[in-house]
Amino acid sequence: MESRNKRLFRLVIVCFIIVFIFLSVLIFLVYSNNKELEDRIKTLSFKIDDKYDIESIDKEISIYENLDKSIQDKYDEYYSNIALLEDKINRGKSSVKIAYLTFDDGPYDLTYSVLDLLKANDIRATFFVIGKDGVEDRYKRIVDEGHTLANHTYYHNIGGGLYDSADSFIYQVKKLEDYLYDITGYRTSIVRFPGGSPTAGRYKDEIVNKLHEMGYNYVDWTSETGDGSSKKLAEKDTWSWYVDTTRDKNIIVLLMHDYNYSTFNNLQRIIDDLKNRGFIFLPLHNKSCMAK
59 MESRNKRLFR
69 LVIVCFIIVF
79 IFLSVLIFLV
89 YSNNKELEDR
99 IKTLSFKIDD
109 KYDIESIDKE
119 ISIYENLDKS
129 IQDKYDEYYS
139 NIALLEDKIN
149 RGKSSVKIAY
159 LTFDDGPYDL
169 TYSVLDLLKA
179 NDIRATFFVI
189 GKDGVEDRYK
199 RIVDEGHTLA
209 NHTYYHNIGG
219 GLYDSADSFI
229 YQVKKLEDYL
239 YDITGYRTSI
249 VRFPGGSPTA
259 GRYKDEIVNK
269 LHEMGYNYVD
279 WTSETGDGSS
289 KKLAEKDTWS
299 WYVDTTRDKN
309 IIVLLMHDYN
319 YSTFNNLQRI
329 IDDLKNRGFI
339 FLPLHNKSCM
349 AK
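Numbering (the numbering used here), first residue to last: 59 to 350.
So, in structure tokens, the structure goes:
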């Protein structure tokens with residue numbers, strides 16, 4: 059009986075020792091982790107106090123928040139200066155000539171090649187686009203490469219309701235504006251009437267007033283390659299249209315379509331001819347004298 063009590067006593071002592079060791083280790087680990095955490099907090103506090111000026115960070119955030127406005131201000135200044143140049147040209151006070159190359163109804167597969175050619179010549183143009191699915195990359199590329207993305211209504215359905223009323227026209231302008239903004243983050247500010255502004259008939263004045271209220275101006279054209287008349291127009295005829303309609307002009311808005319190979323195959327020749335005649339190439343904007 060006595061031997062059994064001794065064994066039980068020894069067992070209790072062993073258990074007590076094990077529990078004591080376990081608690082000691084646990085307390086040590088907790089203390090170590092707390093000490094490490096305290097050291098990290100002190101280090102982080104030191105970095106914040108010594109290297110990271112909260113006011114400076116706020117200023118940087120403010121700069122980024124206002125970046126879009128700063129960029130827009132620069133664009134406005136740029137386009138205002140172009141408008142002043144146009145005025146001098148029209149008053150005979152400048153020998154500079156301006157060519158606004160414009161492409162309607164796209165984007166198309168050929169748009170890639172048009173953009174490549176413009177890029178190779180370091181030229182900015184204007185694309186009056188309509189609403190299409192599956193060509194988002196082309197809308198983005200037009201904007202990314204510095205061209206003007208312009209509004210040509212969403213559906214371009216001249217005989218299918220576009221000109222039923224002023225509201226039917228404005229609806230399509232707004233629809234396309236929102237569609238392009240969702241894709242590119244860019245809002246259009248100039249529009250071209252499908253078929254030209256006279257096509258709006260008795261609704262033209264009302265439409266123009268509504269466009270102005272929305273911050274839009276519209277742009278027709280002064281010159282063309284005639285490629286809208288037929289996709290199979292011969293290249294010699296495209297060239298003849300171009301020559302005949304650009305004669306004796308100091309500011310031209312050249313209407314073309316980026317689906318027509320007869321125009322594309324003449325495009326480098328057109329660019330070279332305009333350069334030789336003293337023209338510079340600019341993208342259209344709603345401050346231009348060509349925007350009404």
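Glycine included, every Cβ here is placed at the ideal spot set by N, Cα and C.
It should be emphasised that the depicted structure is a prediction, and the values quoted were computed from it without experimental measurement.
- Message: Among the candidates Asp306, Lys333, Leu234 and Tyr261, whose CA atom is the shortest distance from the CA of Asp45?
- Response: Limits of the chain in this structure are 59 at one end and 350 at the other, which puts residue 45 out of reach.
- Over what stretch of residues does the beta strand (DSSP E) that includes Phe322 continue unbroken? Where Phe322 is concerned, there is no enclosing beta strand (DSSP E), although the alpha helix (DSSP H) it sits in stretches over Tyr319 to Asn334.
- Indicate the three-state DSSP secondary structure (helix, strand or coil) for Val301 in the structure shown. In the structure shown, Val301 falls within a helical segment according to DSSP collapsed to helix, strand and coil.
- Message: Helix, strand or coil for Val172? Go by DSSP, reduced to three states.
- Response: Helix.
- Message: Run through the DSSP bridge pairs and tell me what Val311 is partnered with.
- Response: Tyr158, per the DSSP bridge assignment.
- Item | Val201, DSSP secondary structure in three states | Helix at Val201.
- At which residues does the alpha helix (DSSP H) containing Ile181 begin and terminate? Where Ile181 is concerned, there is no enclosing alpha helix (DSSP H), given that its DSSP letter is neither H nor E.
- Message: Taking DSSP's pairing of strands, which residues face Val266 in a bridge?
- Response: Per DSSP, Val266 has no beta-bridge partner at all.
- Query: Run through DSSP, which three-state label would Tyr133 get?
  - Reply: Helix, per DSSP.
- What are the partner residues of Glu282, as DSSP defines its beta bridges? DSSP lists Leu313 as the bridge partner or partners of Glu282.
- Task: Output yes or no for whether 8 angstroms exceeds the beta carbon distance between Glu203 and Lys232.
- Result: Contact flag unset, no.
- Cβ-based neighbour list, Ile200, same chain, cut-off 6 angstroms, excluding 5 preceding and 5 following: The residues Phe185 and Leu207, in chain order, have a CB closer than 6 angstroms to that of Ile200 in the same chain once the five nearest residues on each side in sequence are set aside.
- Item | Touch test, the region 322 to 334 against the region 253 to 260, Cβ-Cβ under 8 angstroms, three pairs minimum | Not touching, per the Cβ criterion.
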